[in-house]
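A short worksheet on the structure shown next.
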Amino acid sequence: MTGPTSGIGRHTAFELAKHGTVVLVGRDRRKLDEVQRSIEQKGQHAISVVCDLSDPASVARAAAEIIALDLPIAGLLNNAGIGGQMRPTKNALGWDMTFATNHLGPFALTEALVPHLPDGANVVFVASAVEDPERKLAKAVGFRGGRYISAEASARGEWKPGGATQTGFDAYATSKQANLAAAMAFARETPRLRFNALEPGFIPNTGLERGSNVLMRFLLKYILPLIAPFMKDWSTPKRAGRVATKVLIDASGQTGIYYDEGGHPMLGSPLVRDPKFQDRVVAETRALLATVPAQ
Numbered sequence: 017m018t019g020p021t022s023g024i025g026r027h028t029a030f031e032l033a034k035h036g037t038v039v040l041v042g043r044d045r046r047k048l049d050e051v052q053r054s055i056e057q058k059g060q061h062a063i064s065v066v067c068d069l070s071d072p073a074s075v076a077r078a079a080a081e082i083i084a085l086d087l088p089i090a091g092l093l094n095n096a097g098i099g100g101q102m103r104p105t106k107n108a109l110g111w112d113m114t115f116a117t118n119h120l121g122p123f124a125l126t127e128a129l130v131p132h133l134p135d136g137a138n139v140v141f142v143a144s145a146v147e148d149p150e151r152k153l154a155k156a157v158g159f160r161g162g163r164y165i166s167a168e169a170s171a172r173g174e175w176k177p178g179g180a181t182q183t184g185f186d187a188y189a190t191s192k193q194a195n196l197a198a199a200m201a202f203a204r205e206t207p208r209l210r211f212n213a214l215e216p217g218f219i220p221n222t223g224l225e226r227g228s229n230v231l232m233r234f235l236l237k238y239i240l241p242l243i244a245p246f247m248k249d250w251s252t253p254k255r256a257g258r259v260a261t262k263v264l265i266d267a268s269g270q271t272g273i274y275y276d277e278g279g280h281p282m283l284g285s286p287l288v289r290d291p292k293f294q295d296r297v298v299a300e301t302r303a304l305l306a307t308v309p310a311q
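All letters in the sequence shown, in the order written, are residues 17 to 311 by this note's numbering.
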């Protein structure tokens, strides 16, 4: 799993470790080692692999390291991601950091590992309902849905006009739109494996407070998390970790399913459900990644 050192990912890592060895994939060696030690102190097993998902070369090295472990991989959880940045930054290739980290990196890691996954393995992408321009809660927060033009345009940090007024929201929503589209396309493309997606629920204290006024930041960080367990479409990192684990280890054989914060099937936006759009996102992402020189 990626992104196991904080938030949803940390809780998921501990849940998954109850079911077998968990491979922890993240960019901070110190934090990875801390989570690994904590898991091992419980008598369970974990292995750490350093990977910066915004860097294609780092993704390739991490994939090779995972393959070399020669473990029977039951599944892959693409959980890592960053929120829309208030001040957009670029990776070493000049690509928008949010799109590179949230979509291009998980996509490349998945493509590298797919040939080595046993039949029936489950690949789960942590998506987000903010990709849907009609999602009421997302609209209330300030999102205006995914604004995908093309993979190249997204890498340049360009989105369809008419989006959110909050800096970074379009980048985040578009990266999650691409995640979800890719998961659904992969499900049709590779039927021997299972590809699903998860909307973990609105979790107030996970960075959405940025750009808000002082009172709203206080509410989002300290007050709203207390009522989250009782609100529809809301969740907590602990609950989301349990649901993510349930979806990943599910043995029903379901594929091409988008799960909500309770682990029940839900629908994405009409655009992201369009197979032609899904295939275009995958084709354009592959074409973009193919421009990266071999390491």
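Where is the CB? At the ideal position from N, CA and C, for every residue including glycine. This one's a predicted model, so the numbers in the text were calculated from it and none came from an experiment.
Inter-residue distance for aspartate 290 and proline 122 is about 21 Å (C-alpha atoms, whole angstroms). Within the DSSP bridge table, the entry for serine 64 names Leu40 as partners. In this chain, asparagine 95 is not harboured by any beta strand (DSSP E), its DSSP state being neither H nor E.
Secondary structure of lysine 58 (DSSP, three-state): coil. For glutamate 174 and leucine 93, the gap between their C-alpha atoms comes out near 28 Å. A direct Cα-Cα distance of roughly 9 Å separates alanine 137 from glycine 269. Residue pairing by DSSP puts alanine 213 in a beta bridge opposite Phe141, Tyr274.
By the criterion of at least three beta-carbon pairs nearer than 8 Å, the stretch 153-163 is not in contact with the stretch 104-122. The beta carbon of glutamate 300 sits closer than 8 Å to those of Ser166, Ala167, Glu168, all from its chain and outside the five residues before and after it, given in chain order.
Shown here, lysine 106 sits in a strand according to DSSP, grouped into three states. With respect to valine 130, threonine 206 sits close: the two C-beta atoms are nearer than 8 Å. Straight across, the Cα-Cα distance linking glycine 278 with arginine 255 is about 9 Å. In the three-state DSSP reduction, proline 72 falls in the helix class (H, G or I). DSSP, read as helix, strand or coil, puts aspartate 112 in strand. Bounds of the alpha helix (DSSP H) holding asparagine 195 are 185-205. Note that the C-beta distance between valine 298 and alanine 201 is below 8 Å. The DSSP-derived three-state label of threonine 18 is strand. The shortest C-alpha to C-alpha distance from glutamine 101 to any of Arg151, Ala80, Gly184, Leu85 is the one to Gly184. For proline 134, the three-state secondary structure derived from DSSP is coil. By the C-beta density criterion, leucine 69 is buried, having at least 16 other C-beta atoms within 10 angstroms. Here DSSP, grouped into helix, strand and coil, assigns proline 253 to helix. No Cβ-Cβ contact shorter than 8 Å links glycine 284 with glutamate 81. Judged by DSSP in its simplified three-state form, proline 122 adopts helix. Excluding five sequence positions before and after alanine 128, the CB atoms of its chain that fall closer than 6 Å to its own CB belong to Ala79, given in chain order.
Between alanine 29 and valine 51 a beta carbon distance of about 6 Å is seen, short of the 8 Å cut, so the two are scored as contacting. When the five nearest sequence neighbours on each side are left out, the beta carbons in the same chain lying within less than 6 Å of the beta carbon of leucine 305 are those of Ala124, in order along the chain. According to the DSSP assignment, glutamine 294 belongs to the alpha helix (DSSP H) that extends over 291-305.
DSSP places alanine 171 inside the alpha helix (DSSP H), whose first and last residues are 167-171.
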